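First comes the structure, then the notes that go with it.
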Amino acid sequence: MQKTIAQFLRFGVVGVAGFLVDAGVLTVMLWAGLGPYAGRVVSYLAAASTTFALNRAWTFRTAARDAPVTAQWGRFVMLNLVGFAANYGTYAALIAGTEIVATHPVLGVAAGSFAGMFINFGLSRRYVFKT
1 MQKTIAQFLR FGVVGVAGFL VDAGVLTVML WAGLGPYAGR VVSYLAAAST
51 TFALNRAWTF RTAARDAPVT AQWGRFVMLN LVGFAANYGT YAALIAGTEI
101 VATHPVLGVA AGSFAGMFIN FGLSRRYVFK T
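Numbering-wise (UniProt numbering), the sequence shown opens with residue 1 and increments by one.
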């Protein structure tokens with residue numbers, strides 16, 4: 001149980017780093033004119049790649065390495081599409097329905113990140129890093 005709690009806390013710290021990447025890339029994509037929806041797809045992929053690398057190196061550092069890193073990254077991205085659905089769904093609903101989030105999309109990124117965090121932790125722990 002302590003191992004799981006420690007992993008979850010590290011996963012949360014990594015999630016903050018992922019949020020910063022997500023919000024930063026989204027800001028750049030908006031500045032470049034990509035728009036809040038397409039820009040979020042790009043920013044999510046950047047954040048997912050960042051969190052994969054950090055979780056592999058730190059959160060789940062003791063996990064077995066049964067697959068090449070590219071295969072493991074692919075599994076991480078594919079399984080985390082479930083968390084992404086919660087993440088992006090929350091973001092899109094808030095962008096469409098809340099004026100303050102439409103004006104400040106980073107608030108939607110934060111809410112979406114929280115919505116997907118628990119799903120992503122469980123899937124990552126069980127199916128990607130297999131701890």
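Every residue, glycine too, gets a C-beta built ideally from N, C-alpha and C.
Here the structure is a predicted model, which means the values were calculated and not measured.
Note that the C-beta distance between ALA86 and ALA115 is below 8 Å. Across the structure, PHE8 and THR103 are spaced so that their CA atoms are roughly 32 Å apart. A contact is defined here as three or more CB-CB pairs under 8 Å, and the stretch 54-70 fails this definition with respect to the stretch 89-100. Put simply, of LEU20, LEU54 and ASP66 the residue whose alpha carbon is nearest the alpha carbon of THR131 is ASP66. When the Cα atoms are used, SER113 and ASN80 turn out to be separated by approximately 12 Å. GLN2 has its alpha-carbon roughly 29 Å from the corresponding atom of VAL21.
With fewer than 16 other Cβ atoms inside 10 Å of its own Cβ, VAL69 counts as exposed.
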